[in-house]
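Under this note's numbering, the residue at position 91 of the first sequence is numbered 91, and the numbers go up by one with no gaps. This report refers to the structure that appears directly beneath it.
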Amino acid sequence: MRVGARAVDDYTARVLDVVDSIPAGRVLSYGDVAEYLGEGGPRQVGRVMALWGGGVAWWRVVHADGSLLAGHERKAIRHYEDEGTPLRYPADGGTPRIDMRRARGFG
DNA sequence: GTGTTGACAATCA
DNA sequence: CTGATTGCCAACA
């Protein structure tokens with residue numbers, strides 16, 4: 001019967017578990033996480049990350065187009081370069097994005 | 001119950 | 001490449 005809310009919702013726990021299982025040098029999009037869980041949607045994953053993302057490797061969850069987290073780009077890039085995540089640097093030296101073609105998924 | 005907003009995504013111009 | 005549009009689901013005033 002699943003009534004009241006637990007300390008953290010099951011969905012939240014599942015999202016965090018998936019994010020925690022992403023190996024270094026790899027990333028998943030919000031939609032990928034939702035699809036992997038088979039429930040919810042990109043926005044729900046985003047909400048969970050906004051609330052509890054601080055406890056996991058939040059930088060391994062990015063937008064579907066490879067863009068980074070607004071406001072946390074600096075830290076994210078630092079982690080990516082440290083983990084060897086394939087990045088794509090624009091010619092004009094703008095904000096780098098994830099090379100989704102290679103980094104998306106678990107392997 | 002309704003309308004707005006959000007760490008989104010896919011499609012079209 | 002950017003911008004606009006639509007679909008999606010949950011939280012919130």
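Here a beta-carbon is modelled for each residue, glycine too, at the ideal position from N, C-alpha and C.
Can you say whether residue i is buried or exposed, counting buried as having 16 or more other CB atoms within 10 angstroms of its CB?
{"i": "T89", "result": "Sequence check: residue 89 is Tyr here, not Thr. Y89 should be labelled exposed."}
{"i": "A5", "result": "Confidence in A5 is poor, its pLDDT being 49 and thus under 50, which makes the residue's placement too unreliable to answer from."}
{"i": "R101", "result": "exposed"}
{"i": "D17", "result": "exposed"}
{"i": "R26", "result": "buried"}
{"i": "R60", "result": "buried"}
{"i": "A34", "result": "buried"}
For residue i and residue j, what's the separation of their Cα atoms in angstroms?
{"i": "T124", "j": "G94", "result": "Only positions 1 to 107 of the chain appear in the structure, and residue 124 is not among them; the question remains open."}
{"i": "G66", "j": "R14", "result": "23 angstroms"}
{"i": "I98", "j": "L68", "result": "7 angstroms"}
{"i": "V3", "j": "G84", "result": "At V3, the pLDDT of 49 sits below 50, so the modelled position is not reliable; the number obtained from the coordinates is stated separately. Those two C-alpha atoms are separated by around 43 angstroms."}
{"i": "L51", "j": "W58", "result": "11 angstroms"}
{"i": "L37", "j": "A91", "result": "37 angstroms"}
Under DSSP, the alpha helix (DSSP H) around residue i begins and ends at which residues?
{"i": "W52", "result": "42 to 52"}
{"i": "E73", "result": "73 to 83"}
{"i": "E39", "result": "Careful: E39 lies outside any alpha helix (DSSP H) and carries neither H nor E."}
{"i": "D10", "result": "10 to 20"}
{"i": "R104", "result": "Taken as a continuous stretch (DSSP letters only), R104 belongs to no alpha helix (DSSP H), as it is neither H nor E."}
Quick one: measure Cβ to Cβ for residue i and residue j, integer angstroms, because I've assumed they're closer than 8 angstroms.
{"i": "S29", "j": "V56", "result": "With 8 angstroms as the limit, S29 and V56 do not qualify as a contact, their Cβ atoms being about 16 angstroms apart."}
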